[in-house]
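Heads up: the sequence lines are chains G and R, in that order.
To convert, note that position 120 of the first sequence is 120 in this note's numbering; the numbers rise steadily by one, no gaps.
To convert, note that position 117 of the second sequence is 448 in this note's numbering; the numbers rise steadily by one, no gaps.
Comments concern the structure below.
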Amino acid sequence: MNALLEVNDLKTYFYTADGIIPAVDGVSFKIDRGETLGIVGESGSGKSVTARSIMRLVPNPPGKIINGSILFKGENILTKKEKQMRMIRGNKIAMIFQDPMTSLNPLFTVGNQIVEAIIIHQHVSKREAIERAVEMLKLVGIPSPEKRIKDYPHQMSGGMRQRVMIAMALCCQPDLLIADEPTTALDVTIQAQILELISDIKEKFNMSVMMITHDLGVVANIADRIIVMYAGKMMEYGDVEDIFANPLHPYTKGLMESIPRISSNEKRLKSIQGTLPDLTQDFKGCRFAPRCSCAKDICHNEEPPLVQNGSRIVRCFQYLSGGDEKYGKSS
Amino acid sequence: MENLLEVRNLKKYFPIKKGIFSKTVNYVKAVDGVSFSVKQGQTLGLVGESGCGKSTTGRTILRLYEPTSGNIYMEGQDIVPLGKKDMRKKRRDMQMIFQDPYASLNPRLTAGQIIGRVIDVHKIASGKEKEDLIYHLLDVVGLNAQYYNRYPNEFSGGQRQRIGIARALASNPKLIICDEPVSALDVSIQAQIINLLQDIQSKYNLTYIFISHNLAVEKHISDNIAVMYLGKIVEFASKDDLFANPMHPYTIALLSAIPEPDPKKNSARVKLEGDVPSPINIPIGCRFAQRCPQKKAICEEKEPELIDTGKGHFVACHFGR
């Protein structure tokens, strides 16, 4: 079976006054039908830019996709004209954003905004569109949707607005839903409701989901496979259970150790020293090397390749076969 | 051990004004009768979701908001009746670290000047002495001396939060109110800041009130935890007690809603329907009743009181054991 979405060596750079920022620098992955892919990383890791590149929503200038291909159902999205892209965006691939407070237009009722999307993509009458909008709102669990459809965004709570965003994203039954930190702005009890809703509708429509988050707890609960990103690069890629059971990359390990857990009684958290490198400067070697506790000379001079390790892919010299000599035996 | 801070029946209502004469039509009852005490050198965690009044409680203790009623005893002295001048002196002992390191530092002052302001206001030191003190504080929070003359925009989020901590330490306080100090930071940076806060606590014997929505962080740093819901404390217990034996249905739901970073632990969740009610029209009876999975008739009639169930584990529920 062909993958629904295949991203090959995607590079999105930003050309700013301070220099070129390689926000996404050679990312490759695929998403199968019905799969949930989690992309984890901290701020500046390039996870959101990856998502926006797929939607072709990277502001140009300063951003530009300079390399790679994005195959959606076998067709390269990057060569499509804006007009063709509009038929895909919101229709076949839908996106929900982090901040439900700012991603709805405050001047229109929520009904109006959902109906607009339905009319544009499905070519139905206004009446039918309203019916469908009510149906969608019901599906995402908004009580008395016939009434709430006439509400303005400010009359709704954060959780409700995120539900409206999801309803809007689903109204054209997309094949792929990209969720960019959909629960970060919400309280935990509301977050649990929204995550459950996303899983439910994914099953219902046999949709694929790309979940972008900084919260390892969220991906652990929802994703099938995950990508760990750092400073524009893919650091590790594999099944969620494998990665959580046995993280290979020093960054993934560090990340997992630095979260306080309810289930542990550690007195002191392990932290990763330092901060993200400045990418505008000419950067040599592994991007994580300046903060890595097992970095060797080679790590500072050469960029490690992606290494296949069983079903996993990891970007680290430690796992390169025959790399032991190059890397120097770890003591 | 003695109580450093004791809060008794603290209330903070914000008036809602309408019409030409700004008549007060109603109140937002942000904090509605909160009592607790903190011992010297300990950390009290205040947890809850947005709108539960945890930040308002923190700010009201420092009298950044004037309390509507209630008493705040700092080392046995009630600070509510203090005048402006006296209160300013008192704030030398009571400092605050804010959530957003991007908004809480003046962008036109250098790191050194930001910390120096506190030293000036409280007339702690001047001249060379002041400069030395600032360098010392930068060192304590793990910032290089060369950062003295840099502006906030040159710092990352984690470094800014370190400046915020240095500023709070400048007056050599006894109590620091930490209002979500790590929520705006990335996980790897969050751990650095939590470790730093713990280090300086043991070094200077500081007392913390640690406000957070993240129970995992609270579990890590606090000694006692108060869970708040809609302006009231619904459960108060030592950290170990609270996590081993949560009693209030809201605490139980909150604990189960946290996604554990472990795919195998996809445990059964206690689902909470709906949202937090508005703090303007607070429901009669138990504030949590509308969302409570174990609601009985009495819950919508009578408000439960915060009762000690033994060993200092307090719970406000008609059916809390």
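Cβ atoms here follow ideal geometry from the backbone N, Cα and C, with glycine treated the same way.
Since we're looking at a predicted model, the values are computed, not measured.
Coil, strand or helix - residue i by DSSP
i         : result
Val-601/R : coil
Ser-208/G : strand
Val-49/G  : helix
Pro-22/G  : strand
Gln-308/G : strand
Thr-355/R : strand
Asn-91/G  : coil
Tyr-479/R : helix
Pro-580/R : helix
Cys-299/G : helix
Glu-333/R : coil
Leu-573/R : helix
Tyr-560/R : strand
Asp-9/G   : strand
Asn-265/G : coil
Thr-275/G : coil
Asp-639/R : strand
Lys-64/G  : strand
Leu-393/R : coil
Buried or exposed (CB count within 10 angstroms, at least 16 for buried), residue i
i         : result
Lys-563/R : buried
Gly-217/G : buried
Val-356/R : exposed
His-332/G : Within the shown structure, residues of chain G are numbered from 1 to 331, placing residue 332/G beyond reach of any answer.
Gly-332/G : Residue 332/G falls outside the range modelled here, since chain G spans only 1 to 331, and no answer is possible.
Ser-331/G : Its pLDDT being 35, under 50, Ser-331/G is placed unreliably by the model, and the measurement read from it follows with that caveat. The residue in question, Ser-331/G, is exposed, as its Cβ has fewer than 16 Cβ neighbours within 10 Å.
Cys-630/R : buried
Ala-628/R : exposed
Ser-45/G  : buried
Ser-208/G : buried
Arg-312/G : buried
Asn-437/R : exposed
Gln-395/R : One detail in the question is off: residue 395/R reads as Leu in this sequence, not Gln. Label assigned to Leu-395/R: exposed.
Gln-625/R : exposed
Lys-47/G  : buried
Phe-619/R : buried
Ile-638/R : exposed
Check whether residue i and residue j have beta carbons under 8 Å apart
i         : j         : result
Pro-504/R : Met-418/R : no
Phe-244/G : Pro-483/R : no
Ala-51/G  : Met-85/G  : no
Thr-213/G : Tyr-152/G : no
His-579/R : Val-558/R : yes
Ser-368/R : Glu-337/R : yes
Pro-304/G : Pro-290/G : no
Gly-350/R : Pro-610/R : no
Arg-287/G : Ala-223/G : no
Leu-561/R : Ala-584/R : no
Beta-carbon contacts of residue i that lie in its chain and below 8 Å, excluding the five residues immediately before and after
i         : result
Asp-470/R : Ala-476
Ile-149/G : Thr-109, Val-110, Gly-111, Ile-114, Ile-130, Ala-133, Val-134 and Leu-137
Thr-582/R : Val-558, Val-565, Glu-566 and Leu-573
Straight-line gap, residue i to residue j (C-alpha atoms, nearest Å)
i         : j         : result
Met-235/G : Ile-272/G : 16 Å
Pro-250/G : Lys-461/R : 42 Å
Gln-521/R : Leu-186/G : 19 Å
Gly-379/R : Leu-546/R : 9 Å
Met-229/G : Leu-78/G  : 22 Å
Met-160/G : Glu-566/R : 28 Å
Gly-68/G  : Ser-28/G  : 9 Å
Phe-97/G  : Arg-315/G : 29 Å
Asn-2/G   : Lys-30/G  : 10 Å
Pro-22/G  : Phe-317/G : 22 Å
Asp-530/R : Leu-500/R : 13 Å
Ile-259/G : Leu-269/G : 7 Å
Pro-106/G : Asp-99/G  : 13 Å
Thr-640/R : Lys-342/R : 24 Å
Leu-434/R : Leu-320/G : Checking the sequence shown, residue 434/R turns out to be Ala, not Leu. About 45 Å.
Pro-635/R : Asp-363/R : 14 Å
Thr-102/G : Met-210/G : 21 Å
Residues of its chain near residue i, where Cβ-Cβ distance is below 7 Å and the 5 sequence neighbours each way are ignored
i         : result
Arg-656/R : This structure cannot settle anything about residue 656/R, because the visible part of chain R is limited to 332 through 652.
Pro-346/R : Thr-355 and Tyr-358
Tyr-13/G  : Ile-20, Ile-21, Pro-22, Ala-23, Lys-64 and Ile-66
Arg-622/R : Leu-603, Glu-604 and Gly-605
Contact set for residue i: own chain, Cβ-Cβ below 6 Å, skip 5 residues either direction
i         : result
Asp-572/R : His-644
Pro-247/G : Lys-253 and Met-256
Tyr-478/R : Ala-442
Ala-192/G : none
Asn-555/R : Leu-375 and Ser-569
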